[in-house]
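Trainee: Encoded as structure tokens, here's the structure I'll be asking about.
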Amino acid sequence: MSTEDSFIELIKENKGLIYKVTTLYTNTAVDRQDLYQEIVFQLWKSFETFRAKSKISTWMYRVALNTAIKHLKTLEKKKSVLQAQDRNVLIEESYDYEYETRLRSMYQHIYALNILERGIVLLLLEGKTYNEISQITGLTPTNVSSKLSRIKQKLKTNMQKQGL
Amino acid sequence: MKLEEMQEIWSEMSHQIEEQKIITNDLIMKMTKNQYHRKFDRLTFYESIGSVICFIMAFFILINFKDLNTWYLFSSGLFTVVFLIVLPILTLGSIGRLKRLDVSRSNLKEMIIKYKKYKGQLLLIQRLGIYLSFLLMFTVLPVFSKIMKGKDLFIENHSLLLIYMLVMSVFLLFFSRWGYKCYQNITKSAEDVLKELDMER
Numbered sequence: 189m190s191t192e193d194s195f196i197e198l199i200k201e202n203k204g205l206i207y208k209v210t211t212l213y214t215n216t217a218v219d220r221q222d223l224y225q226e227i228v229f230q231l232w233k234s235f236e237t238f239r240a241k242s243k244i245s246t247w248m249y250r251v252a253l254n255t256a257i258k259h260l261k262t263l264e265k266k267k268s269v270l271q272a273q274d275r276n277v278l279i280e281e282s283y284d285y286e287y288e289t290r291l292r293s294m295y296q297h298i299y300a301l302n303i304l305e306r307g308i309v310l311l312l313l314e315g316k317t318y319n320e321i322s323q324i325t326g327l328t329p330t331n332v333s334s335k336l337s338r339i340k341q342k343l344k345t346n347m348q349k350q351g352l
Numbered sequence: 701m702k703l704e705e706m707q708e709i710w711s712e713m714s715h716q717i718e719e720q721k722i723i724t725n726d727l728i729m730k731m732t733k734n735q736y737h738r739k740f741d742r743l744t745f746y747e748s749i750g751s752v753i754c755f756i757m758a759f760f761i762l763i764n765f766k767d768l769n770t771w772y773l774f775s776s777g778l779f780t781v782v783f784l785i786v787l788p789i790l791t792l793g794s795i796g797r798l799k800r801l802d803v804s805r806s807n808l809k810e811m812i813i814k815y816k817k818y819k820g821q822l823l824l825i826q827r828l829g830i831y832l833s834f835l836l837m838f839t840v841l842p843v844f845s846k847i848m849k850g851k852d853l854f855i856e857n858h859s860l861l862l863i864y865m866l867v868m869s870v871f872l873l874f875f876s877r878w879g880y881k882c883y884q885n886i887t888k889s890a891e892d893v894l895k896e897l898d899m900e901r
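Residue numbers (the numbering used here), protein chains in the order written: chain F, 189 to 352; chain X, 701 to 901.
Structural data, given as structure tokens:
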């Protein structure tokens with residue numbers, strides 16, 4: 189299998205991973221598409237030099253999250269509230285109003301967090317262990333744990349503010 | 701919303717994304733190549749075009765340097781040439797460092813720190829450029845006036861020089877205030893994240 193074929197396989201297998209990172213770090217469909225392309229490009233650029241020193245998913249999360257950070261030309265927008273009109277997380281065939289509402293609410297909560305916290309939440313929701321989160325983010329497992337407590341607190345406060 | 705509830709929604713979303721999103725081999729490679737070309741076509745084009753203009757102006761001054769026959773015109777010419785050559789090189793170098801930042805070799809924490817550092821350097825150079833523009837404004841007109849028309853504005857036409865300085869000062873004042881506001885907006889979020897990282901150490 190050629191390098192290009194292996195790369196294509198890798199992207200196809202992990203398309204969801206990239207998509208989910210882009211939904212956390214962009215506000216509009218255009219930005220999302222832009223970031224998606226940028227992540228694929230960055231993965232391609234470092235694909236040949238990736239020597240399986242770490243798990244492939246760890247490398248992919250690292251590249252995807254770092255690319256999202258690098259993509260932050262619009263840093264000031266990052267804390268903005270999720271815009272219902274320009275965000276459809278799921279495509280129309282499987283549109284379920286109730287589920288979409290919960291999904292939007294979840295994104296709204298994640299958007300209230302800062303860049304680093306968003307990355308940690310993403311990794312946690314993806315089922316990563318504290319050690320894996322630590323490898324990807326560069327924080328110690330203890331720091332990951334204390335960050336998560338703070339994130340939980342923030343989510344709780346946010347929920348109380350909204351009167352939920 | 702609790703994390704447990706988020707986990708449930710997230711896992712359902714992941715399942716749906718895997719089923720829905722169709723991505724073809726062609727599309728993946730097209731995306732990769734598109735991004736490559738966009739980077740090199742757009743970024744390099746805009747970054748370089750300003751530099752080329754500066755270099756042409758500097759070259760023009762250099763080949764006519766003999767016309768700057770007084771110490772103040774000579775100093776003005778020297779400052780203008782250095783400004784027109786050094787600042788674009790520093791800016792291009794700084795943008796280049798930001799572009800070459802290897803996203804595959806650092807973790808998220810290192811990435812945020814490096815990104816902030818390089819971005820800070822770039823913005824510092826831009827601010828420095830704005831401040832030095834006030835000096836450039838003072839030197840560039842007399843230099844070109846002497847080279848192109850043979851007139852020494854410092855002696856012959858004080859009023860023209862004063863009007864020019866007044867108009868340019870007002871323009872630059874607004875321009876630099878706007879630039880500074882942009883600087884504050886761009887760096888604020890990164891600063892917040894870095895402060896959080898510092899607290900963890």
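We put the CB at the ideal spot given by N, CA and C, even for glycine.
#1: For residue 227(F) and residue 206(F), which I take to be in contact (beta-carbon distance under 8 Å), what is that distance rounded to the nearest angstrom?
#2: Anything in chain F within Cβ reach of residue 815(X), meaning under 9 Å, just list it in chain order.
#3: Kindly list, in the order they appear in chain X, the residues whose Cβ is closer than 9 Å to that of residue 299(F).
#4: Give the straight-line distance between the Cα atoms of residue 308(F) and residue 204(F), rounded to the nearest whole angstrom.
#5: Using 9 Å as the limit for Cβ to Cβ distance, is residue 714(X) near chain F?
#6: Hey, would you say residue 255(F) sits closer than 9 Å to residue 320(F), going by beta carbons?
#7: Under 9 Å between beta-carbons, which chain X residues line up against residue 325(F)? List them in chain order, please.
#8: For residue 236(F), which residues of its own chain have a beta-carbon under 7 Å away from its beta-carbon, when the five flanking residues on both sides are left out?
#9: For residue 293(F), would you say it is in contact with chain X, using Cβ-to-Cβ distances shorter than 9 Å as the test?
#10: For my contact list, residue 838(X) and residue 865(X) are in at a C-beta cut-off of 8 Å; report their separation, rounded to the angstrom.
#11: Within 9 Å of any Cβ in chain F, is that where the Cβ of residue 717(X) sits?
#12: Taking three-plus beta-carbon pairs below 8 Å as touching, is the segment 807 to 814 of chain X in contact with the segment 323 to 335 of chain F?
#13: What is the rounded straight-line gap between the Cα of residue 836(X) and the Cα of residue 783(X)?
#14: Taking the beta carbon of residue 335(F) as the centre, do at least 16 other beta carbons fall within 10 Å, making it buried, or is it exposed?
Mentor: In terms of the structure at hand:
#1: 5 Å
#2: 254, 257, 258 and 260
#3: Near residue 299(F) there are no residues of chain X at all, since even the closest Cβ is about 12 Å away, more than 9 Å.
#4: Each residue's CA atom was taken as its position, placing residue 308(F) and residue 204(F) some 17 Å apart.
#5: When Cβ-Cβ separations below 9 Å define contact, residue 714(X) makes contact with chain F.
#6: no
#7: 807, 808 and 809
#8: 191
#9: yes
#10: 7 Å
#11: yes
#12: yes
#13: Spanning the two alpha carbons is a distance of roughly 8 Å.
#14: buried
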